[in-house]
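At position 362 of the sequence shown the residue is numbered 362 (the working numbering), and the sequence of numbers has no breaks. Note that CB positions come from ideal geometry on N, CA and C, so glycine has one too. All figures in this text were calculated on a predicted structure; none of them were measured in a lab. First up is the structure itself, then whatever we jot down about it.
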Amino acid sequence: MEQRQLIDLLNDMSLEEKAGQLFQVTGDWFDGMEALEQTGPEAEESARLRKSYGHLAGSVLGVYGAANIKRIQSAYMERQPHHIPLLFMLDIINGYKTIYPIPLAQGAMFDPEFAGDCAAMAAKEGAAGGLHVTFSPMVDLVRDARWGRVMESTGEDVYLNSLYAKSMVEGYQRQQGGTDFLAACVKHFAGYGAPEGGREYQTMELSNGTFHEFYLPAYESAVKAGSRMAMTAFQTVNGIPATVNRALLREILRGKMGFNGVLISDYAAIGETVVHGVSKDGADAARRALEAGVDIDMMSGVYPEYLVGLVKDGILEEALLDESVLRVLELKNWLGLFEDPFHGADEAREARTFLCEEHRKLAYEAAVKSFVLLKNEDAILPLSPNQKIAFIGPYTDSRDMLGSWSFTGGAETGEVKTVRAAAEEALAGWSVTYHTGCPVLDPGIVLEGFDRYKPSSATQEETDRWREEARKAAEEADVVVMPLGEHCFQSGEAASRAFIEIPKIQQDLFRAVSEVNPNVVAVVFSGRPLDLRVISERARAVLSVWMPGMEGGRAIIDVLTGTRTPSGKLPMSFPYCVGQVPVHYDSLMTGRPYRKGKPERYVSRYQDIPADPLYSFGYGLTYTSMELSEVRLSKNELMPGEEIEASVTIKNTGKREGTETVQLYLRDVTGSTARPVKQLKGLKRVTLQPGEEAKVAFSIGEDHLKFFQKPGLWDSEAGAFLVFIGTDSRTEHSAPFRLKKQEASENT
Ligand code: GLC
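In structure tokens form, the structure reads like this:
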């Protein structure tokens, strides 16, 4: 449709119809279909409201499948007064049918482009299944491993998150114009990743500078990449719920960032501003949200209940309603729904697209690239065929490795190959035994609210027998591989944890095994950085595999045997223990910094634990060894408009091929505000054969030196800088340069 036609359509719509376009229902509203996934609380009030207004709703949440969607779309459009098609939206977070690693694991790839390819694949499958919008990418910066949704983020670094945000939006929307694409929805605007205490839905309290410099840029990166939707966050920003926060939504998101797409609330978030104690009642919440520029009410029902009355009573201008309705119509038009309301949904297309070989290979490659080798004492890895190997641990046989946002992929299906199944296929002729060892979770632990979670049914007698069997197997093996970790539903939404170790029952198994056999290789499944002190101390190798998706089993075996080599890097620091949280590499410089090896009393440290995390941002080993030369700079003075080349020579000094990610960090030695000890400003993956070396060069310009001065103004300041180039954020490999600026007096 042409814009003119959209405006004519808008002008021909009744007030009720307009309000309906700004309202979303779940699938259960339509012909009794069960909501295929309830992803939020079902408030009584919203259930009543949805029932009474669903026939005018403009979009649907949680329905999927070409047959379902075509049936609902056809029936709905027939009844809709202007036959306006519905928008179908869903959380496709790490795949639709072909489930690949969770976003935190994708962050560990240090390869945003590859994450973009995964997003494009997910869009192709989701579109075949009838979807129009995915509620992804989630670009919330995270520094607190207690928060369950760190699994959905790409980590603690603003530069890396911004690269991923851009790449994933472009990936979802890559095939725009055909049918193999989805509209992206960047979320959760803004600052949702910093809840106090790491406790879900809690208040965010950040300084203005930190909020603007670290937490906002990745959203802007998604907006600049063309994300067609954005979603508001549940929590307050400066004391006002994001969903009714005009300064945040109108001035920053739509004003400074230039977002002109559709803004949707998070689940029931508009109505919940009454519970926040900020909106007086539903009508007040509806007014505030629309005035703040929220276009669609997800599941609270206050829009269809109150907007018509608010306009009729002259409290809201109809023009404000029209502005939102037009954006919704423009999105439907951008998707081509007025010409093809099914957006290519087709059962035959589903059959040839879902889980096809090309997609499974992508999921496999993503898994291999995401694994982070944290320890490999005496190169105990890779394993070799002449060893007797025992696999002992609950993730030997578990399919639950898809992450908590994978309900469309389904771990229950045979599509997910377990570690054991992958090993039995790949290790023919090896001497291998397999033992569950213990349930994933301690008896009595129930992860309430996760419909697909099935508590372990192991009796005490079974658990004791498993333990004894494991101990004997460990005694007889040369090497024990222990696939263990937190349950996949111990991370995700509403899954904050105060203690971030692996379940106690698994810790007991780990101790029992490592007491009879020191040659333990721990394969750690998690949706967050865990407290791995005990495991790291006793195991001779530790491989973090996150929640690796449906090809995870095969990828794990191929990395353990050296068929593939690990190359992942930590996108988020692993704290020494939960007492250290929040912990992140790019903290601001302080007046009494802790200096390793200089035990002083009056410095920034703990009395009872080290100051540094157990494993730092950007860290990850390979199966070889790499050596970096000193940092070379093309010059040591930079004028605006010029560039400095910073480079190193990297050499593979080991015996195996390796892929290393060389990282560039900068430090602004003196600024008008305290600057981070270092900040990631570049990364390059390089694969080298044994003995091979290569030059890795980065270009540094003034833009790399700019930082937040005030809303709408980022600028650099003349003075001294340090360039660090290394293979993780702890590198001290550096060289100095100065930025010279005509007018400014130098921060010497
Ligand atoms: C949830 C999540 C959000 C998700 C939405 C729809 O509460 O916060 O990320 O996209 O509801 O499922």
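Beta bridge counterpart(s) of Cys-438 as assigned by DSSP = In the DSSP output, where bridge partners are listed per residue, Cys-438 has none listed.
What is the DSSP secondary structure of Asp-297, counted as helix, strand or coil?
-> strand
Could you pull out every residue in the same chain whose Cβ sits closer than 8 Å to the Cβ of Ala-66, ignoring the five residues on either side in sequence?
-> Ala-128, Gly-129, Gly-130, Phe-342, Ala-345, Asp-346, Glu-347, Arg-349, Glu-350
When the distance is taken between beta carbons, is Ile-725 closer than 8 Å to Val-686?
-> no
In whole angstroms, what is the alpha-carbon distance linking Phe-181 and Asn-519?
-> 48 Å
Taking all protein chains shown into account, do 16 or more other C-beta atoms lie within 10 angstroms of the C-beta of Thr-731, making it buried, or fewer, making it exposed?
-> Result: buried.
Mind checking which residues open and close the beta strand (DSSP E) that includes Trp-714?
-> Element bounds for Trp-714: 713-715.
Local Cβ density within 10 Å of Leu-532, reported as buried at 16 or more and exposed below that | buried
Which of helix, strand or coil DSSP assigns to Gln-507 | DSSP places Gln-507 in helix when its eight states are reduced to three.
CB contact flag (Val-186, Val-169, <8 Å) | yes
Could you tell me the distance, in whole angstroms, from the CA atom of Glu-717 to the CA atom of Gly-671?
-> 7 Å
Rounded to the nearest angstrom, how far is the Cβ of His-132 from that of Met-89, given a contact under 8 Å?
-> About 7 Å; that satisfies the 8 Å criterion.
In chain order, which continuous runs of the alpha helix (DSSP H) of length 4 or greater are located wholly inside the stretch 328-413?
-> 347-353, 357-370
Unbroken beta strand (DSSP E) runs of length 3 or more, entirely within the stretch 464-537: which are they?
-> 479-485, 520-525
Beta-carbon proximity of Val-223 to Ala-285, cut-off 8 Å = no
Within 7 Å: the Cβ of Asp-266 and any heavy atom of the ligand GLC?
-> Here the distance from the Cβ of Asp-266 to the nearest heavy atom of the ligand GLC is below 7 Å.
When we look at the beta-carbon of Thr-748 and count the other beta-carbons within 10 Å, is it buried (16 or more) or exposed?
-> Annotation note: pLDDT 46 at Thr-748 (below 50); position unreliable, coordinate value reported separately. By the neighbour-count rule (16 or more Cβ atoms within 10 Å), Thr-748 is not buried but exposed.
For Phe-135, is the beta carbon positioned less than 7 Å from some heavy atom of the ligand GLC?
-> yes
What's the call for Ala-428, buried or exposed, on a 16-neighbour Cβ count within 10 Å?
-> exposed
Can you tell which of Ser-699, Arg-605, Gly-658, Leu-680 has the C-alpha that lies nearest to the C-alpha of Ile-644?
-> Here the closest residue by C-alpha is Ser-699.
Skipping 5 residues on each side, what residues in its chain have a beta carbon closer than 7 Å to that of Gly-793?
-> Residue 793 cannot be examined here, being either before or after the span of the chain that is shown, 1 to 748.
Does the distance from the C-beta atom of Ala-495 to that of Ser-404 stay below 8 Å?
-> yes
Find out if the Cβ-Cβ distance for the pair Ala-522, Ala-498 is shorter than 8 Å.
-> no
Residues bridged to Leu-685 [DSSP beta-bridge criterion] = First, the amino acid is wrong: residue 685 is Arg here, not Leu. Thr-661.
Could you spell out the range, first to last residue, of the alpha helix (DSSP H) harbouring Ile-7?
-> 3-12
In terms of residues, what are the limits of the beta strand (DSSP E) holding Ile-802?
-> This structure cannot settle anything about residue 802, because the visible part of the chain is limited to 1 through 748.
Starting from the Cα of His-553, find the closest Cα among Ala-122, Lys-361, Gly-177, Trp-430 and give me that residue.
-> In the sequence on display, residue 553 carries Gly and not His. When only C-alpha atoms are compared, the closest one is Lys-361.
Return the CA-CA distance between Gln-709 and Gly-209, expressed in angstroms with no decimal places.
-> When rounded, the distance between both Cα atoms is 8 Å.
Please work out which residues of its chain come closer than 6 Å, Cβ to Cβ, to Pro-112, disregarding the five sequence neighbours upstream and downstream, and give them in chain order.
-> Leu-163, Tyr-164, Ser-167
Selected residue, minimal CA-CA separation from Glu-596, among Arg-605, Asn-376, Pro-483 = According to the sequence displayed, residue 596 carries Lys and not Glu. Checked all of Arg-605, Asn-376, Pro-483; the closest Cα to Lys-596 is Arg-605.
Please look up how many angstroms separate the CB atoms of Met-151 and Ser-491, rounded, as I've assumed it's under 8 Å.
-> 4 Å
Neighbour-count burial assignment, Ser-749, 16 or more Cβ in a 10 Å radius = For the chain, the structure presents residues 1 to 748; residue 749 sits outside this window and is missing.
Just the C-alpha distance for Pro-503 and His-584, rounded to the nearest angstrom, thanks.
-> 25 Å
Taking the alpha helix (DSSP H) that Gly-309 falls in, what are its first and last residues?
-> 302-312
In this structure, does DSSP put His-772 in helix, strand or coil?
-> Since the displayed the chain opens at 1 and closes at 748, residue 772 lies outside it and no answer follows.
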